[in-house]
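Right, one structure below, let's go through it.
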Amino acid sequence: MIRLTAELTPAGTSYLATGQGQPVVLIHGVGLNKEMWGGQIVGLASQYQVIAYDMLGHGASPRPASGTDLLGYADQLLELLDHLNLPQAAVIGFSMGGLVARAFALHYPQRLQSLVVLNSVFNRSEEQRAGVIARTAQAAEHGPDANAEAALSRWFSREYQAANPAQIAALRQTLANNDPQGYLTTYELFATQDMYRADDLSSIQAPTLIATGELDPGSTPEMAEQLARRIPGAKVAVLPEQRHMMPVESPRLVNQMLLEFLQFANARQNHIKGIVA
């Protein structure tokens, strides 16, 4: 197991970095932190420089200022890349992290080598939107772990929960330990920004992969297909029998998909550079 010591950027973002090669940045979901990416760090670090960080309001990173929008979360990633002197990176965002990755791609395209959006949301139905807004209200009233049991049942298969009780208990504790205001600010964006600058998505030129699980109830295959149609040349992957937390539940399957895509993206970028040269 890779043991890493977290470091801080000048703005206070807590991050882990390991491996050599092209940089790959991992962005977690609401209520989680950089530790969710353990399987990907192990699986990718032999070929890439892997960087995982705590989003604003999560883990050991600072709380977002009141009224922070998605651009503020994209700016956090920009500051991290500047701190590490990285002109470009492959950006992989999970769930809320997928919204941040999309915002980063729109605002800072010159810093994006390739884009992966995992188990994220797009064009929610009225019923889906009502459900997530209701959960936001519950979190505002009762705290970050108000929906923990329902969330875990959406995130993981029953078999995985039964086989990994210690990990599930640790995740439940992670949810409970979140800063209430940081969590709520982030969750409100997650609940309302699935169509963020949707009409501008066609401007994204970097190689893109949109992926989710066949059984993910909140980040559905239909959402992945719709989002991919907005981004020129985007690939879609729907992993059979996977639920929301597929990077944690099935890291080998997800890592294989990510490695294949990153190899494709690198080859495409190198081809374009050769034509330009």
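Every letter in the sequence shown is one number past the one before it in full-length UniProt numbering, and letter 254, counting from 1, is 254. Glycine included, every Cβ here is placed at the ideal spot set by N, Cα and C.
A237 (DSSP reduced to helix, strand or coil): The sequence position of residue 237 within the sequence shown is 237, counting from 1. Strand, per DSSP.
Just the C-alpha distance for Q110 and A101, rounded to the nearest angstrom, thanks. Looking up residue 110 in the sequence shown gives position 110. Looking up residue 101 in the sequence shown gives position 101. Distance between the alpha carbons of Q110 and A101 is about 13 Å.
Flag this pair as touching only if the stretch 26-41 and the stretch 173-187 have three or more C-beta atom pairs under 8 Å; answer yes or no. Cβ pair count under 8 Å is three or more, so yes.
Report the three-state DSSP secondary structure of Y48 (helix, strand or coil). On the sequence shown, residue 48 is found 48 positions in, with the first residue counted as 1. Y48 carries a coil assignment under DSSP once its states are collapsed to helix, strand and coil.
Threshold first: 3 residues or longer. Then list the beta strand (DSSP E) segments lying entirely within the stretch 208-269, N to C. Scanning the stretch 208-269 for uninterrupted beta strand (DSSP E) segments of 3 residues or longer gives 208-213, 235-239, listed from N- to C-terminal end.
Indicate whether L215 and Q242 have their beta-carbon atoms separated by less than 8 Å. One-based indexing of the sequence shown puts residue 215 at position 215. One-based indexing of the sequence shown puts residue 242 at position 242. For L215 and Q242, yes; Cβs fall inside 8 Å.
Boundaries of the alpha helix (DSSP H) in which I204 is found, first to last residue: Within the sequence shown, numbered from 1, the residue matching residue 204 stands at position 204. It is not in any alpha helix (DSSP H) - I204 carries neither H nor E in the DSSP assignment.
Does the stretch 113-132 come into contact with the stretch 88-98, if we say contact requires no fewer than three beta-carbon pairs (one atom in each stretch) closer than 8 Å? Yes: at least three Cβ pairs fall under 8 Å.
Just the C-alpha distance for L71 and P207, rounded to the nearest angstrom, thanks. Counted from its first residue, the sequence shown places residue 71 at position 71. Counted from its first residue, the sequence shown places residue 207 at position 207. If you take the alpha carbons of L71 and P207, they lie about 21 Å apart.
Looking at C-alpha atoms only, which residue of Q161, D69, V42 is the closest neighbour of D194? Residue 194 sits at position 194 when you count from the first residue of the sequence shown. Minimum Cα distance to D194 is reached at D69.
Separation of P247 from L239, as counted between CA atoms: As a first step, residue 239 is located in the sequence shown; it is residue number 239 there, counting from the start. As a first step, residue 247 is located in the sequence shown; it is residue number 247 there, counting from the start. Across the structure, L239 and P247 are spaced so that their CA atoms are roughly 11 Å apart.
Sheet register partners of V100 (DSSP bridge): Sequence index remark: in the sequence shown, residue 100 carries index 100 (1-based). For V100, which the question treats as bridged, DSSP gives no partner whatsoever.
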